[in-house]
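Reviewing the structure listed below.
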Amino acid sequence: MTPAKQQAALQGCTAVARKVYEATPIQEAWQPIQIKNALAASTRSSTDLHVVRGCIKALKEAGLVRERPSGHFQRIEVREPTTNPQEPNMGATTSAPAKAAAKSPVELLADLAHQTAATGRQLLHLSRQIEEAALVVAQEQESTATKLQGLNQLQTLLKSLSQEVPA
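First residue of the sequence shown: 19, per the working numbering; consecutive thereafter.
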């Protein structure tokens, strides 16, 4: 993993996940309890084991940590990207294509517009999912209210029956 990828992945993590990442060793694989203990020793605060496991899962999904043997986690080593040695004469010719590859401000704005449109589509999709979840919750509330009404009717019936029966 390159340092740029590492920084980008860490930017999307919570502060606790970053601390868990720093407490996870590179050279050997540790269990979550060992990482929790190392985190407690370094930060002088206690973090719940479930939180540490959740952070490890998030770090694993981000590609920052890997699971070696089952249940043991190890930080992925960050390395500088290797470059192939090029001929010394190639230096003058590579600068011209680099300038040609630079995008004009209009192209940059077009790229930003496309990214904004894509983000808008993602937000619309997310809003639809939220709306669907709200509908499911509303249906469950209606069902619960109906069941509660039936239970209340049963309760009043049982009370009336218990009052009618002589002791």
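Beta carbons are placed, not taken as given, at the ideal position from N, Cα and C, and that holds for glycine. Quick caveat, the model's predicted, so the values are computed rather than measured.
- Under the DSSP assignment, R71 falls in the alpha helix (DSSP H) whose first and last residues are L67 to E79.
- For Q24, the secondary structure class from DSSP, reduced to helix, strand or coil, is helix.
- Residue burial is scored here from C-beta neighbours: V124 has fewer than 16 other C-beta atoms within 10 angstroms and is therefore classed as exposed.
- The segment 36–49 makes contact with the segment 79–93; the number of CB pairs closer than 8 Å reaches 3 or more.
- Between the segment 72–82 and the segment 26–37 there are three or more inter-stretch CB-CB distances shorter than 8 Å, so the stretches are counted as touching.
- Taking 8 Å as the cut-off, the beta carbon of L77 is found closer than this to the beta carbon of V83.
- Annotation: A22 to R97 spans about 10 Å, alpha carbon to alpha carbon.
- Secondary structure at Q92: strand, using DSSP grouped into helix, strand and coil.
- Between A152 and G81, the C-beta spacing is not below 8 Å.
- Here I148 is exposed, its C-beta having fewer than 16 other C-beta atoms within 10 Å.
- In the DSSP secondary-structure assignment, V83 is bridged to R93.
- E182 has its alpha-carbon roughly 23 Å from the corresponding atom of Q167.
- For the pair S63 and I51, the Cα-to-Cα distance works out to about 14 Å.
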